[in-house]
Amino acid sequence: MSATLPPTPVAYLAGYPQALRDQVQQLIAAGELGARLHQRYPKAHTVRNERALQEYVGELKSRYLRSTPPLARISYDNQIHVIRNALGTHTTISRVQGLKLKTKREIRIAMMFRTMPEEFLRMIVVHELAHMKERNHDKAFYQLCCHMEPDYHQLEFDLRAYLCWLEAGGQMLWE
10 MSATLPPTPV AYLAGYPQAL RDQVQQLIAA GELGARLHQR YPKAHTVRNE RALQEYVGEL
70 KSRYLRSTPP LARISYDNQI HVIRNALGTH TTISRVQGLK LKTKREIRIA MMFRTMPEEF
130 LRMIVVHELA HMKERNHDKA FYQLCCHMEP DYHQLEFDLR AYLCWLEAGG QMLWE
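Residue numbers (this note's numbering): 10 to 184.
The structure is reproduced here in structure tokens:
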């Protein structure tokens, strides 16, 4: 973690103020960002398999979103490539069965979250659960996220900084 990394654009932080992007850029260039994040989040969670993930998501859903429809599937997905795509997905699949329209909802979390700190896993699960009530990333969506996870914005920023670290060639911190 002490090797100096080449400068890299901080694409995951595009919506943040320039001063914050510059600070992350400097920490990446100095090779210090990984160590700081690892110090803030020292341990990976223990939610490693599909069953544990279903229980974890189910507990959060029953605590905050009891009135929403059930989830048909909750899984880690190795097809989601975090660096180029998304952190997780929430999908709704509608099928006609006889005279009825059946809707199934799924949440898929990128495989890299299997070895991340619990705070990052919680942030992405909260984000995907919030989409069950709020489709768009608007004020109501982020209010719901903050209701379920009061530190949502800080966790999202730290996760985005970590993704910038990885894209710059930094090593994975939790395995």
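Cβ atoms here follow ideal geometry from the backbone N, Cα and C, with glycine treated the same way.
What you are looking at is a predicted structure, and each value in this text was computed from that prediction instead of being measured.
Is residue 77 helix, strand or coil when you go by DSSP? coil
Can you give me the C-alpha to C-alpha distance between residue 138 and residue 70, rounded to a whole angstrom? 7 angstroms
In angstroms, rounded to a whole number, what distance separates the CA positions of residue 77 and residue 140? If you draw a straight line from the Cα of residue 77 to the Cα of residue 140, it is about 11 angstroms long.
Taking DSSP as the reference, what is the three-state secondary structure of residue 85? strand
Flag this pair as yes or no: are the beta carbons of residue 175 and residue 181 separated by less than 8 angstroms? yes
Contacting residues, own chain, Cβ-Cβ under 7 angstroms from residue 131 (five flanking each side not counted): 158
Taking the alpha-carbon positions, what's the residue 115 to residue 34 distance? Approximately 36 angstroms, taken between the alpha carbons.
If you scan the segment 118-179 from start to end, which runs of the alpha helix (DSSP H) of 4 or more residues do you find wholly inside it? The qualifying runs are 127-139, 148-157 and 161-176.
Give a yes or no on whether the C-beta atoms belonging to residue 136 and residue 155 are separated by under 8 angstroms. Not closer than 8 angstroms, so no.
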